[in-house]
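Asks: Protein chains in written order, with this note's numbering: chain V, 562 to 722; chain B, 562 to 722. Backbone N, C-alpha and C fix where the C-beta goes; we use that ideal spot for every residue, glycine too. Here the structure is a predicted model, which means the values were calculated and not measured.
2 protein chains.
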Amino acid sequence: MPPSPDFTEARPGQVPLLLAVTYRAMTDRFHALLAERGREPLRPAHGYTFRYLASHPHATTVDLAAHLGVTKQATSKAVAELEDWGYVERRPHTTDKRAQVLALTTRGREYLELADELWTTVEGQLADVIGTERLAALDRDLRTYIAAVHADQEVSFRPVW
Amino acid sequence: MPPSPDFTEARPGQVPLLLAVTYRAMTDRFHALLAERGREPLRPAHGYTFRYLASHPHATTVDLAAHLGVTKQATSKAVAELEDWGYVERRPHTTDKRAQVLALTTRGREYLELADELWTTVEGQLADVIGTERLAALDRDLRTYIAAVHADQEVSFRPVW
DNA sequence: AGATATAGTCAACTAGCTTGACCATATGAA
DNA sequence: TTCATATGGTCAAGCTAGTTGACTATATCT
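1) On the three-state DSSP scale, how would you describe Gly574 of chain V?
2) Should the segment 572 to 592 of chain V be called in touch with the segment 698 to 710 of chain B, which here means at least 3 C-beta pairs below 8 Å?
3) Note down the Cα distance separating Glu684 of chain B from Glu678 of chain B, rounded to an integer number of angstroms.
4) When you compare the CB of Ser717 of chain B with every CB in chain V, is at least one pair closer than 9 Å?
5) What residue range does the beta strand (DSSP E) around Leu663 of chain B cover?
6) Using the beta-carbon of each residue, which ones in chain V are nearer than 9 Å to Pro602 of chain B?
7) Should Gly619 of chain B be labelled buried (16 or more other beta-carbon atoms within 10 Å of its own) or exposed?
8) Which runs of the alpha helix (DSSP H) at least 4 residues long sit entirely within the segment 682 to 717 of chain V? Give them in chain order.
9) Using only the heavy atoms of the ligand SAH, determine whether one of them is closer than 8 Å to the beta carbon of Phe568 of chain V.
10) Could you tell me the alpha carbon to alpha carbon distance between Arg598 of chain V and Leu675 of chain V, rounded to whole angstroms?
11) Smallest Cα separation from Leu515 of chain V: which of V:Thr666, V:Val710, V:Phe611?
12) Just tell me which of B:Leu643, B:Ala571, B:His711, B:Ala709 has its CA closest to the CA of Leu665 of chain B.
13) Nearest CA to the CA of Gly647 of chain B: which residue from B:Thr667, B:Thr632, B:Phe591, B:Thr655?
14) Which term fits Ser616 of chain V, buried or exposed, when burial requires 16 or more other beta carbons within 10 angstroms of its beta carbon?
15) Is the segment 704 to 722 of chain V touching the segment 583 to 590 of chain B, taking contact as three or more C-beta pairs under 8 Å?
16) Would you say Leu703 of chain B faces chain V, with C-beta separation under 9 Å as the test?
17) For Asp640 of chain B and Val649 of chain B, which I take to be in contact (beta-carbon distance under 8 Å), what is that distance rounded to the nearest angstrom?
18) Could you give the first and the last residue of the continuous beta strand (DSSP E) run that contains Arg651 of chain V?
19) Residues of chain V with a CB under 8 Å from the CB of Arg585 of chain B: which are they?
20) Under the rule that 16 or more other beta-carbon atoms within 10 Å means buried, what is Pro573 of chain B, buried or exposed?
21) Please compile the residues from chain V whose C-beta is within a distance smaller than 9 Å of the C-beta of Val690 of chain B.
22) Report, in whole angstroms, the separation of the C-beta atoms of Leu603 of chain B and Thr682 of chain B, which I expect to be a contact under 8 Å.
23) Go ahead and pull the three-state DSSP assignment for Leu603 of chain V.
24) Is DSSP giving Asp624 of chain V helix, strand or coil here?
25) Is Leu657 of chain B close to chain V, meaning its C-beta is less than 9 Å from at least one C-beta of that chain?
26) Please report whether the beta-carbon of Thr622 of chain V lies at a distance below 9 Å from any beta-carbon of chain B.
27) Once you ignore the five residues that flank Thr536 of chain V on each side, which residues in its own chain have a CB closer than 8 Å to its CB?
28) Specify the secondary structure class of Trp806 of chain V as computed by DSSP and reduced to three states.
29) Rounded to the nearest angstrom, what separates Leu703 of chain V and Thr622 of chain B at their Cα positions?
30) If contacts are defined as beta-carbon pairs under 8 Å, then Val710 of chain V and Thr705 of chain B qualify, I think. What distance do you get, rounded to the angstrom?
31) Rounded to whole angstroms, what's the CA-CA distance from Asp713 of chain B to Asp624 of chain B? Just pull it up for me.
32) Using the Cβ count rule (16 or more neighbours within 10 Å means buried), how would you classify Gln634 of chain V?
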């Protein structure tokens, strides 16, 4: 009795499940690498937060919430935690006295570099199995699909379980 | 300022995120189709439960828990709910007086058929964009990776966010 | 027979969200 | 300029889906 689904042969409609399993397998490997470096148990959402802040230097909590697809209250809590851990800073907005500007600290930027390195390693393990050409095709195909879906509806990246 | 990550060009280490986004987009489409049919808001985990029970006719709660990768207590609660909704039955085990055998009801089997149909539709929308050959290659590549990872560690299909 | 393992339940707790109410500040229209 | 409305952020309460721990009844092993 196999403790996991049987993936030895193709079945119509199975691709979504395969995507979920693959994503989970890769995050497991990512976290294993992270643990080897003795880092705190940061989740993918934290990394995605850092990446957003790195590319949007004047982002507020509300901006980030919209990006993550959760409420501003949930985002506010998460940001407070990341601030406690020294990854993120909150600074007063220059013109809007209600708002705060979120910014990565040096530590936050360092984490982002490390995460990029580790995700690339994990991605490389996929390339080891299927080959670099297949990996490139996979990357392209997924981005094509996302672009097509994105055309008529907003797409989140928070998986539903 | 784009409200979602920018996927217009490739970046090393981005594939895991692409997998997550694609999975989420497909589950969104699945749920939209489900809503059109006026079904209850069943989540992927419920469908995976049904599929497991369909292929493991003598499964117990503990078996199911191992399959889903959560505790038996959490599984027990979910099964009770699915029983209330009429998808699953609990019957006494024939030889083990401690155990209960889980079984799909007719309604449960019907849902599974519908889900297969809808997931296949969603998968077909991916095929529409990337082509059937690329879809087949994607399917094969993902199963290859899962088999490789599966060799040395157990793989779950519950995404980490 | 007795020690140990296992199926399932109950209860208390937690993480990570949600909704709703609220304050302070911005913005737009009269 | 003033006032109505919109917006950024916080606080508090509640929900969902999970967790750990303790326990009972039954199985299994020695």
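Replies: Checking against the coordinates, here is how it stands:
1) Gly574 of chain V: coil per DSSP, three-state reduction.
2) Flag = yes, the segment 572 to 592 of chain V and the segment 698 to 710 of chain B touch.
3) Glu684 of chain B and Glu678 of chain B have their alpha carbons spaced roughly 10 Å apart.
4) Taking Cβ atoms only, chain V reaches closer than 9 Å to Ser717 of chain B, which makes this a yes.
5) Leu663 of chain B -> beta strand (DSSP E) spans 661 to 665.
6) Against chain V, a Cβ distance below 9 Å from Pro602 of chain B picks out nothing, because the smallest value is about 11 Å.
7) Looking at the sequence shown, residue 619 of chain B is not Gly but His. Residue environment for His619 of chain B: exposed (fewer than 16 other C-beta atoms within 10 angstroms of its C-beta).
8) Taking 4 residues as the shortest admissible run, the segment 682 to 717 of chain V contains the following complete alpha helix (DSSP H) segments, listed from N- to C-terminal end: 693 to 713.
9) The model on display carries no ligand, and the ligand SAH is accordingly not part of it.
10) Their Cα atoms are separated by approximately 10 Å.
11) Because chain V here runs from 562 to 722, residue 515 of chain V falls outside it and cannot be looked at.
12) Checking every option, the nearest Cα to that of Leu665 of chain B belongs to B:Leu643.
13) Among B:Thr667, B:Thr632, B:Phe591, B:Thr655, the Cα nearest to that of Gly647 of chain B belongs to B:Thr667.
14) Here Ser616 of chain V is exposed. Its C-beta has fewer than 16 other C-beta atoms within 10 Å.
15) They touch, by the three-pair rule.
16) The beta carbon of Leu703 of chain B sits closer than 9 Å to some beta carbon of chain V.
17) According to the sequence as given, residue 640 of chain B is Val; it is not Asp. About 6 Å separates the CB atoms of Val640 of chain B and Val649 of chain B; that is less than 8 Å, so the two are in contact.
18) Segment 649 to 653, the beta strand (DSSP E) holding Arg651 of chain V.
19) For the C-beta of Arg585 of chain B, the chain V residues within less than 8 Å are, from N- to C-terminus, Val716, Ser717, Phe718, Arg719, Pro720, Val721.
20) Per the 10 Å Cβ criterion, exposed.
21) Residues of chain V whose Cβ lies closer than 9 Å to the Cβ of Val690 of chain B are, in chain order, Asp702, Thr705, Tyr706, Ala708, Ala709, Val710.
22) That belief does not hold up - the Cβ atoms of Leu603 of chain B and Thr682 of chain B are roughly 16 Å apart, past 8 Å.
23) Correct three-state label for Leu603 of chain V: coil.
24) In the three-state DSSP reduction, Asp624 of chain V falls in the helix class (H, G or I).
25) Correcting the residue identity first, residue 657 of chain B is Asp in this sequence and not Leu. Closer than 9 Å: no.
26) Cβ-Cβ to chain B under 9 Å: no for Thr622 of chain V.
27) Missing from the structure shown is residue 536 of chain V; chain V here goes from 562 to 722 and no further.
28) Look at the range of chain V in this structure, 562 to 722, and you will see that residue 806 of chain V is not part of it.
29) Roughly 36 Å between the two C-alpha positions.
30) Contact doesn't hold; Cβ gap of about 25 Å is too wide.
31) Asp713 of chain B and Asp624 of chain B have their C-alpha atoms spaced approximately 21 Å apart.
32) Exposed, by the Cβ-count rule.
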